[in-house]
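Novice: When the letters of the sequence shown are read in order and numbered with mature numbering (1 follows the signal peptide of the UniProt record, and there is no 0), they come out as residues -27 to -1, 1 to 55.
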Amino acid sequence: MAKISCSYFLVLMLVFSVFSLVEKTKGKRHCSTIILPESPCVPQDCVEYCFEEYNGGGTCIASKTGRTTNCMCTYNCHGNNL
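(1) Taking DSSP's pairing of strands, which residues face N28 in a bridge?
(2) Go ahead and label G31 buried or exposed: buried means 16 or more other beta carbons lie within 10 angstroms of its beta carbon, across all protein chains shown.
(3) Kindly give me the distance between the Cβ atoms of C14 and T42, rounded to whole angstroms, as I take these residues to be in contact under 8 Å.
(4) Based on Cα-Cα distance, which residue from T38, Y27, R40, G39 lies nearest to S5?
(5) At which residues does the beta strand (DSSP E) containing Y6 begin and terminate?
(6) Is it right to say G29 is buried, meaning 16 or more other beta carbons lie within 10 angstroms of its own, or is it exposed?
(7) Throw me the rounded Cβ distance for the C46 and C33 pair, which I believe falls under 8 Å.
(8) Once DSSP output is grouped into helix, strand and coil, what is the label at C50?
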């Protein structure tokens, strides 16, 4: 009987922890934009510009193999007045 109660308790804890994680992420939407698509991406500049302008994270990505990289900025849509 004690083993069953312990199992139920652990399952209950797991369910509550999942619900708490879902509630934390609910309502947070991330947007992304390409910054200066006509110029090649410089990683340090991309990170700094994205943080200063959008309070987000910038990464250099290539749209297709062999093409120059562009700066993609991912940020919280609700945290900016854009």
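We treat Cβ as the ideally placed atom computed from N, Cα and C, and that holds for glycine.
Specialist: Taking the definition as stated:
(1) None, per the DSSP bridge assignment.
(2) So G31 counts as buried.
(3) Indeed they touch by this definition, with Cβ atoms about 4 Å apart.
(4) Nearest in C-alpha terms to S5, of all of T38, Y27, R40, G39, is Y27.
(5) A small fix is needed here, since residue 6 is Thr in this sequence, not Tyr. Looking at the DSSP string, the run of the beta strand (DSSP E) that includes T6 is 3 to 8.
(6) Around the beta carbon of G29, a 10 Å sphere encloses 16 or more other beta carbons of the protein chains shown; the residue is thus reported as buried.
(7) Rounded, the Cβ-Cβ distance is 11 Å, inconsistent with contact.
(8) When DSSP states are grouped into helix, strand and coil, C50 belongs to the helix group.
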